[in-house]
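Student: Below you'll find the structure I mean.
Number of protein chains: 4
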Amino acid sequence: MEPGYSVSEDIYVRYAETDQMGVVYYGNYFTWFEVGRNAFFRSLGQSYGLLEENGLLLPVVEANCRYLAPAKYEDQVTITTQLTNFTCSRICFSYMIQRGETLIATGSTVQGFVSKSKGRPINIKKHHPELWERLQKLLPGKHNGVVANAGKDLGSR
Amino acid sequence: MEPGYSVSEDIYVRYAETDQMGVVYYGNYFTWFEVGRNAFFRSLGQSYGLLEENGLLLPVVEANCRYLAPAKYEDQVTITTQLTNFTCSRICFSYMIQRGETLIATGSTVQGFVSKSKGRPINIKKHHPELWERLQKLLPGKHNGVVANAGKDLGSR
Amino acid sequence: MEPGYSVSEDIYVRYAETDQMGVVYYGNYFTWFEVGRNAFFRSLGQSYGLLEENGLLLPVVEANCRYLAPAKYEDQVTITTQLTNFTCSRICFSYMIQRGETLIATGSTVQGFVSKSKGRPINIKKHHPELWERLQKLLPGKHNGVVANAGKDLGSR
Amino acid sequence: MEPGYSVSEDIYVRYAETDQMGVVYYGNYFTWFEVGRNAFFRSLGQSYGLLEENGLLLPVVEANCRYLAPAKYEDQVTITTQLTNFTCSRICFSYMIQRGETLIATGSTVQGFVSKSKGRPINIKKHHPELWERLQKLLPGKHNGVVANAGKDLGSR
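Residue numbers (numbering that gives the first Met the number 0), protein chains in the order written: chain A, 0 to 156; chain B, 0 to 156; chain C, 0 to 156; chain D, 0 to 156.
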């Protein structure tokens, strides 16, 4: 994860999240990523739920996870979330899952900006300029340069 | 389960449904009950999704399960669903989960009839008379007598 | 819930826990009950995970929930767990789910005591007397009298 | 997906799998991938559960999904699974999720071969040669050339 703004949230592993291998089921890490995104937005004083109420949905269009060590029942794990990139139409997050000092998983998601009423992609620079401004300040490293690259990175996926 | 109309659906136990005890997590049986209800409505040519599209929600107001034997990964289990009771405002189902001849769980749910647009209870005898008629014919045993008792049974819960 | 020892734990509702009705899926309350049980055991300095490591499993044999009001995404809900009863072979908990002052659900579970190595019921008064002693002190109201009734209550289910 | 051996399995979307956006929660696609892998192994007359009983675990070390169109409650979706690659220590699958002719998601997973008793990576060419032989015949296109590349592909991840 690059130096810069990130948000961490601690959770305890639930029994429901384990599987018969005795560790957390791989699909449940994506729920943790969502818990991390939620904490990220909450840290902005702009909860994700509020975005939805204001007509903006962020459906996931891509998700990835690499599993480095198992997480077990009752482990306290820390989810760290960072905004890595965004364009008018998409936003990218990266995640680290740690148990104490041990890195147990890393991941990323890409979300689209979608109008709730129209069910179609929406240009947030145009329709949510205040969100656009706020996100700019949260990118790791610096600002305009990174954003300028964002479109290319996303385009090449 | 009483003699009468019931609907059975087979599923395979998923790895995601197990927990570290090596058996299906107890909360997941309620998802199976929902799969059973879905099959029940589908058997009427009246899917539950269609009910929702027609403005009728059936939120669960009570749910119970008794666990008699564990279900394991890759088990093929049969979910049998029966309508046990209904009134103008509520509907009750019972469920059996079997693996072959072995009964592994029984359960029940009570659902309310709620108007999607108003978010409030709705009288289905009045507003969905065709559904009311159809449900009458599906009660185990027979008809008016059981329905007459339904209100009392529900009231005493 | 009766006056007496109980343990409360706060959680935020996750997006993954909602369903298309816009509220928490009914089966997920049972995961919350498990989170409550976990907090209950943790408060004793005797985590549930540790019980399992010591060879004692507590599979759920019965679970019930009544839903009074919906829980929504990002709600902060409080899970309160109380030991209501136990015998040599079983243990009963009750649960309250609240959002602030609003009671949104109540529930109960019954768990059996099972030997991990033998996969069979185990008499905890005999094999885990220290646990037996500790649980006695946690019953609401009082002690021996309630325990004496426990067997009958359970037997009549 | 390349021409070659693949296995398809149909499922109905469950209510529990939806979220408040009215579509299937993104994390649940990974459960579907697991259902696909299960069907894949079952088609070989060698269920995944049996592999575990024989001491071989396949924990996921990497998982990816791209979401192209939403899946909705009661949709019948087809999960198609293909073996794309394997080495002595790892195995890769790709997945397609379709609703009728519509491709709604694609994904991939990488799994390690782990000894259940030792909890450590295991060389399947050496310790499970019959599995190694069988997997060779299932690769899309053809055989040794692809397998020879597998190590490099995996190594470069």
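Glycine residues also receive a C-beta, built at the ideal position from the N, C-alpha and C atoms.
(1) Which whole runs of the beta strand (DSSP E) in the segment 0-83 of chain C are 3 residues long or more, in chain order?
(2) Within 10 Å of its beta-carbon, does residue 9(D) have 16 or more other beta-carbons around it, so buried, or fewer, so exposed?
(3) Report the option in 20(D), 62(D), 72(D), 15(D) whose CA atom is closest to the CA atom of residue 105(A).
(4) Using the Cα positions of residue 46(B) and residue 35(B), report the straight-line distance between them to the nearest angstrom.
(5) Taking residue 17(D) as the query, report the chain C residues whose CB atoms sit under 9 Å from its CB, ordered along the chain.
(6) Starting from residue 137(C), follow the beta strand (DSSP E) in both directions and report where the run begins and ends.
(7) Which residues in the same chain as residue 25(A) place their Cβ atom closer than 8 Å to its Cβ, once the five residues preceding and following it in sequence are excluded?
(8) Mark residue 37(A) as exposed unless 16 or more other C-beta atoms lie within 10 angstroms of its C-beta, in which case mark it buried.
(9) How should residue 116(C) be labelled, buried or exposed, when 16 other C-beta atoms within 10 angstroms of its C-beta is the threshold for buried?
(10) With H, G and I counted as helix, E and B as strand and the rest as coil, what does DSSP make of residue 121(C)?
(11) Residue 64(C) touches chain B at which residues, Cβ-Cβ below 9 Å?
(12) Can you confirm whether the segment 50-57 of chain C touches the segment 11-22 of chain C when touching is taken to mean that 3 or more C-beta pairs between the two stretches lie within less than 8 Å?
(13) Roughly how many angstroms separate the alpha carbons of residue 44(B) and residue 133(B), rounded to a whole number?
(14) Does the beta carbon of residue 12(A) sit closer than 7 Å to a beta carbon anywhere in chain D?
(15) Compile a chain-ordered list of the residues in the segment 65-81 of chain C whose CB is closer than 7 Å to at least one CB of chain A.
(16) Excluding the five sequence neighbours on either side, which residues of its own chain have a C-beta within less than 6 Å of the C-beta of residue 90(C), listed in chain order?
(17) At the level of alpha carbons, what is the spacing between residue 122(D) and residue 18(D)?
(18) CB residue 94(D) to CB residue 80(D), shorter than 7 Å?
(19) Flag residue 8(D) as yes if its beta-carbon sits less than 7 Å from any beta-carbon of chain B, otherwise no.
(20) Please check if any C-beta of chain D sits within less than 7 Å of the C-beta of residue 109(B).
(21) For residue 88(B), which residues does DSSP report across the bridge?
(22) Between the beta-carbon of residue 68(D) and the beta-carbon of residue 101(D), is there less than 7 Å?
(23) Pull up the CB-CB distance for residue 124(C) and residue 87(C), whole angstroms please, since I reckon it's below 8 Å.
(24) Please classify residue 33(C): is it buried, with 16 or more other beta-carbons within 10 angstroms of its beta-carbon, or exposed?
(25) Tell me whether residue 130(B) is buried or exposed, calling it buried when 16 or more other Cβ atoms sit within 10 Å of its Cβ.
(26) Chain C partners of residue 54(A), CB-CB under 9 Å?
(27) Indicate whether at least one CB of chain A lies closer than 7 Å to the CB of residue 99(C).
(28) Nearest-angstrom Cα distance between residue 22(D) and residue 103(D)?
(29) Which residues in the same chain as residue 27(D) place their Cβ atom closer than 7 Å to its Cβ, once the five residues preceding and following it in sequence are excluded?
(30) Which residues in the same chain have their Cβ closer than 7 Å to the Cβ of residue 72(D), if we skip the five residues on either side of it in sequence?
Tutor: Result, derived from the coordinates:
(1) 6-11, 59-66
(2) Walking along the fourth sequence from the start, residue 9(D) turns up at place 10. Exposed, because fewer than 16 other Cβ atoms sit within 10 Å of the Cβ of residue 9(D).
(3) Position 106 of the first sequence holds residue 105(A). Nearest C-alpha to residue 105(A): 62(D).
(4) Looking up residue 46(B) in the second sequence gives position 47. Looking up residue 35(B) in the second sequence gives position 36. So the two alpha carbons sit approximately 12 Å from each other.
(5) As a working mapping, residue 17(D) is identified with position 18 in the fourth sequence. Ordered by position in chain C, the residues that pass the 9 Å Cβ test against residue 17(D) are 17, 18, 19, 20, 24.
(6) In the third sequence, the residue the question calls residue 137(C) occupies position 138. Here residue 137(C) belongs to no beta strand (DSSP E), and DSSP marks it neither H nor E.
(7) Counting from 1 along the first sequence, the entry for residue 25(A) is found at position 26. Only 64, 66 meet the Cβ criterion.
(8) As a first step, residue 37(A) is located in the first sequence; it is residue number 38 there, counting from the start. The residue is buried, with at least 16 neighbouring Cβ atoms inside 10 Å.
(9) As a working note, residue 116(C) is residue 117 in the third sequence. Answer is exposed; the Cβ neighbour count stays below 16.
(10) Stepping through the third sequence from its first residue, residue 121(C) is reached at position 122. Three-state result, residue 121(C): coil.
(11) The residue given as residue 64(C) occupies position 65 in the third sequence. Within chain B, the residues near residue 64(C) are 29, 59, 61, 62, 63.
(12) no
(13) On the second sequence, residue 44(B) is found 45 positions in, with the first residue counted as 1. On the second sequence, residue 133(B) is found 134 positions in, with the first residue counted as 1. Between residue 44(B) and residue 133(B), the C-alpha separation is close to 11 Å.
(14) Translated into the one-based positions of the first sequence, residue 12(A) becomes position 13. For residue 12(A), the answer is no, since every Cβ of chain D falls outside 7 Å of its Cβ.
(15) 72, 73
(16) Start at 1 with the first residue of the third sequence, and residue 90(C) comes out as number 91. Taken in chain order, the residues that qualify are 110.
(17) Sequence index remark: in the fourth sequence, residue 122(D) carries index 123 (1-based). Sequence index remark: in the fourth sequence, residue 18(D) carries index 19 (1-based). Taking the straight line joining both Cα atoms gives about 41 Å.
(18) Within the fourth sequence, residue 94(D) is the residue found at index 95, counting from 1. Within the fourth sequence, residue 80(D) is the residue found at index 81, counting from 1. Going by C-beta atoms, residue 94(D) is nearer than 7 Å to residue 80(D).
(19) Translated into the one-based positions of the fourth sequence, residue 8(D) becomes position 9. No, no contact with chain B.
(20) In the second sequence, counting from the first residue as 1, residue 109(B) sits at position 110. Judged by the 7 Å Cβ criterion, residue 109(B) is not in contact with chain D.
(21) Along the second sequence, one-based indexing puts residue 88(B) at 89. Answer is none; residue 88(B) lacks a bridge partner.
(22) Counting from one through the fourth sequence, the residue named residue 68(D) turns up at place 69. Counting from one through the fourth sequence, the residue named residue 101(D) turns up at place 102. Against a cut-off of 7 Å, the Cβ pair of residue 101(D) and residue 68(D) comes out as a contact.
(23) For the purposes of this step, residue 124(C) is taken as the residue at position 125 of the third sequence. For the purposes of this step, residue 87(C) is taken as the residue at position 88 of the third sequence. 5 Å between Cβ atoms; contact.
(24) In the third sequence, the residue the question calls residue 33(C) occupies position 34. Under this definition residue 33(C) is a buried residue.
(25) Here residue 130(B) refers to the residue found at position 131 when the second sequence is read from its first residue. Residue 130(B) should be labelled buried.
(26) By one-based count along the first sequence, residue 54(A) stands at place 55. By Cβ distance, chain C contributes nothing, its closest Cβ being about 15 Å from residue 54(A), past 9 Å.
(27) Counting from one through the third sequence, the residue named residue 99(C) turns up at place 100. Answer no: the Cβ-Cβ gap between residue 99(C) and chain A never drops below 7 Å.
(28) Numbered from 1 along the fourth sequence, position 23 holds the residue referred to as residue 22(D). Numbered from 1 along the fourth sequence, position 104 holds the residue referred to as residue 103(D). Using only the alpha carbons, I get a separation of about 12 Å.
(29) By 1-based counting over the fourth sequence, the position of residue 27(D) is 28. If we look at residue 27(D) and ignore the five residues flanking it on each side, its Cβ neighbours are 16.
(30) As a first step, residue 72(D) is located in the fourth sequence; it is residue number 73 there, counting from the start. These residues qualify, in order along the chain: 12, 14, 17.
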